[in-house]
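Reading through the structure tokens given below for one structure.
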Amino acid sequence: MSYTGSWDRSVTKFMAWSLVYYDRVIALDSDITVLQSLDELFLLPQTAIAMPRAYWYDTRPWPLMSLLMVIKPDLKELNNFKKVMSGGGDDALVRTSFFDMEMVNDRFADSALILPHRPYALLSGEFRRHNHTEYLGSPEEKWDARSVYNEAKLVYFSDWPLPKPWIMWPHEGLSEMQPDCGGSHEGTCEERVIWKGLYEDFRARRKDVCKLLSVPAPDWHGAKPASHEVTANTTEGTGHEAPQVEGKVEVERAKVHDT
Amino acid sequence: MRRRRSDELPRYVNPSEGPSFRWPRRNRLIASVGAVFLLCLYWSRSSPSNGDAVHAVNWMNYAYSLYAIDQATLCHAVMVFDALERHGSKADRILWYPKKWDLVVSDSRDRNSQLLQVALKQYRVKLQPIDLLMVEGKTEGTWSMPSCSFPSSRLESRQPRRWKVHSVQAEGVFLAGGRRAPCFTSQRNC
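Taken in order, these protein sequences are the chains called A and B.
With the first letter of the first sequence counted as 1, position 78 gets the number 78 in the numbering used here; the numbers rise by one all the way through.
Start counting at 1 in the second sequence, then tack on 1000, and there's your number in the numbering used here.
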């Protein structure tokens, strides 16, 4: 039951290929913060798909990251995905919630146009890293957290095993996982300010736009939990009921557009 | 070419003996302005401008596609639409959501319907209700049936099977023969 969300999420993404009325579609995950418009991506050279790479992976080549896909809608592609899915999925793989990423990489790894992860796929965890060469793209360039944040267009939240931003931080987990400011766990630094700010901003907008509060923090099992499966659901899932802010979410009259 | 004889060359004419016809000053002025205008038009059309490509874009040819499978993903999708709006994005916006959700706000706690209304009216999102595609694991010898976060009417039985797929029903997706606008749920009169 607890993995239904990840299955549903994975395969619903493919509906973007059905939008053949449009010349181009940008399919997005929603566990992200959009910092700037991405409209210029619609004007890329002709290609079946453009995606950034998951630059934080240990293995090379980095796989394509399905959180941001610039696609040419195509019913043949959708039908191909459906055929693959009708073969079912390997049980273990389907449970990992990366099933759609696996499928897209199988299909497009060799032919995709690669979007630069800088600035289109900045990982929130980048601010916890010590070596930023892979994000910056050069060992010579000096890391400047504030500049990196200012140029970024899209931030993807991933600081596992800390939970996603709609779930509160377990207190012990935060002190263990937050940016360590060059090894000193006291004091502060730009990395920590920005990283915390990303989470605070997400929570504030969740409250403002949706009138929803954060889901209570899960139990913390430490940075190396005994079982990934135990924590994956509590830190990644969206099925948990969130407390609501009093009142209704209402259309702001001043901003109504006639449809 | 034969050289001209001197008596064939044009001669300077005493201005007082010049042609009797002269353009009135007003007509000369109009002709000058007209010539300058035509020159400007020619220059503006022939000089390349990077701004041309951007100004000529028809943003109705492009769309962002997001999906919601539960209240949290619905909220987060609306937050993305809010961000796109604030950052001046001009392309269309699509939201896929479970068919069983409605847009009727039943009470002050009915967040799903409230958020769908906000998406539709405030962020100009085109709403697309769907039955979900579902995938089951097919590891040999095991049977894993995902329990739905919401029931699908096409689920015929819960007998164990190797795998089963529900086909997608996406209402209102219009195949582009010409360029007619798609009939989304939000636009009953299209």
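We put the CB at the ideal spot given by N, CA and C, even for glycine.
**Q.** Among Trp160/A, Arg206/A, Ser214/A, Glu102/A, the one whose alpha carbon lies nearest that of Ala242/A
**A.** Ser214/A
**Q.** Chain-order list of residues whose beta-carbon lies under 6 Å from that of Ala112/A (same chain, five-residue window excluded)
**A.** Hits under 6 Å: Ile49, Met51, Leu64.
Q | Residues near Val1125/B in its chain [Cβ-Cβ closer than 6 Å; skip 5 each side] | A | Phe1081, Arg1093, Leu1095, Ala1119
Q: Using a Cβ-Cβ cut-off of 9 Å, state whether Cys181/A counts as contacting chain B.
A: no
Q) When the Cα of Ala1063/B is compared with those of Arg206/A, His132/A, Asp39/A, Glu200/A, which residue comes out closest? A) Shortest Cα-Cα distance from Ala1063/B to any of Arg206/A, His132/A, Asp39/A, Glu200/A involves Asp39/A.
Q | Neighbourhood of Pro179/A by C-beta, 7 Å cutoff - its chain only, sequence neighbours within 5 removed | A | Phe127, Arg128, Cys189, Glu191, Arg192, Trp195
Q. Would Ala1035/B count as contacting chain A if we go by Cβ distances under 9 Å?
A. no
Q) What does Lys1090/B touch in chain A if you count any residue whose Cβ is under 7 Å from its own? A) Asp39
Q. So is Trp1096/B in contact with chain A if we call contact Cβ pairs under 9 Å?
A. Yes, Trp1096/B counts as interfacial toward chain A.
Q. Mind checking if Ser1106/B is an interface residue toward chain A, Cβ cutoff 9 Å exclusive?
A. So, not an interface residue.
Q.
Strictly by DSSP, which residues pair up with Asp1092/B?
A. Ala1063/B
Q: Could I get the ranges of all uninterrupted beta strand (DSSP E) runs contained in the region 22-63 of chain A, with 3 residues as the minimum, in chain order?
A: Within the region 22-63 of chain A, the complete beta strand (DSSP E) runs of at least 3 residues are 24-28, 32-34, 49-52.
Q: Please list, in chain order, all residues of the same chain as Gln1114/B whose beta carbon is under 8 Å from its beta carbon, the five residues on each side excluded.
A: Val1105
Q. If the cut is a Cβ gap below 7 Å, which residues of chain B does Asp31/A touch?
A. His1076
Q: Please decide whether Arg205/A counts as near chain B, where near means a Cβ-Cβ distance under 9 Å.
A: yes
Q. Closest Cβ-Cβ distance between Ile1030/B and chain A: below 9 Å?
A. Output row for Ile1030/B: interface = no.
Q | Residue environment, Ser86/A, which counts as buried when at least 16 other CB atoms sit within 10 Å | A | Exposed, because fewer than 16 other Cβ atoms sit within 10 Å of the Cβ of Ser86/A.
(Q) Quick check on this structure: which residue in Val249/A, Leu174/A, Val155/A, Gly183/A has the alpha carbon closest to the alpha carbon of Asp219/A? (A) Ranked by how close their Cα comes to the Cα of Asp219/A, the residues Val249/A, Leu174/A, Val155/A, Gly183/A have Leu174/A in first place.
Q: Could you round the C-beta distance between Ile313/A and Ser1065/B to whole angstroms and report it? I think they count as a contact, below 8 Å.
A: Nothing about residue 313/A can be read from this structure; chain A reaches only from 1 to 259.
Q | Helix, strand or coil at Gln244/A [DSSP, three-state] | A | Gln244/A carries a strand assignment under DSSP once its states are collapsed to helix, strand and coil.
Q) Going by C-alpha distance, which of Arg53/A, Thr47/A, Ala217/A, Leu19/A is nearest Leu67/A? A) Arg53/A
Q.
Taking 6 Å as the limit between beta carbons, can you name the residues of its chain near Thr259/A, skipping five residues before and five after?
A. In this prediction, Thr259/A has a pLDDT of 44, which is less than 50 and means its spatial position is unreliable; what the coordinates show is noted afterwards. So the list is empty, once near-sequence residues are dropped.
Q. Do Val251/A and Gln1128/B have their C-beta atoms closer together than 9 Å?
A. In this structure, Val251/A keeps its C-beta atom at 9 Å or more from the C-beta atom of Gln1128/B.
Q: Can you check the region 152-221 of chain A for any beta strand (DSSP E) of at least 3 residues that lies completely inside it and give the ranges in chain order?
A: 154-156
(Q) Check for me: the alpha helix (DSSP H) holding Leu68/A runs from which residue to which? (A) Per DSSP, Leu68/A belongs to no alpha helix (DSSP H); it is in the beta strand (DSSP E), 68-71.
Q) Does any residue of chain B bring its CB to less than 9 Å from the CB of Ala226/A? A) For Ala226/A, the predicted model reports a pLDDT of 47, less than 50, meaning its position is unreliable and no value from the coordinates is stated.
Q | Interface partners of Asp23/A on chain B, CB under 8 Å | A | Asn1061, Tyr1062
(Q) Would you say Pro1160/B lies against chain A (beta-carbon separation less than 9 Å)? (A) Low local confidence applies: a pLDDT of 31 at Pro1160/B is under 50, so the model's placement there is unreliable, and no value is given.
Q) Taking buried to mean at least 16 other C-beta atoms within 10 Å of its own C-beta, is Glu1008/B buried or exposed? A) exposed
Q) Over what stretch of residues does the alpha helix (DSSP H) that includes Val20/A continue unbroken? A) Careful: Val20/A lies outside any alpha helix (DSSP H) and carries neither H nor E.
**Q.** Per-residue contacts from Leu1066/B into chain A (C-beta, under 7 Å)
**A.** Leu28, Ser30
Q) Which residues in chain A sit within 7 Å of Ala1056/B, going by Cβ to Cβ distance? A) Those do not exist, as Ala1056/B stays about 11 Å from chain A at its closest Cβ, beyond 7 Å.
Q. So is Asp1070/B in contact with chain A if we call contact Cβ pairs under 9 Å?
A. yes
Q. Three-state secondary structure (DSSP) at Val1125/B?
A. Looking at Val1125/B - three-state DSSP - the assignment turns out to be strand.
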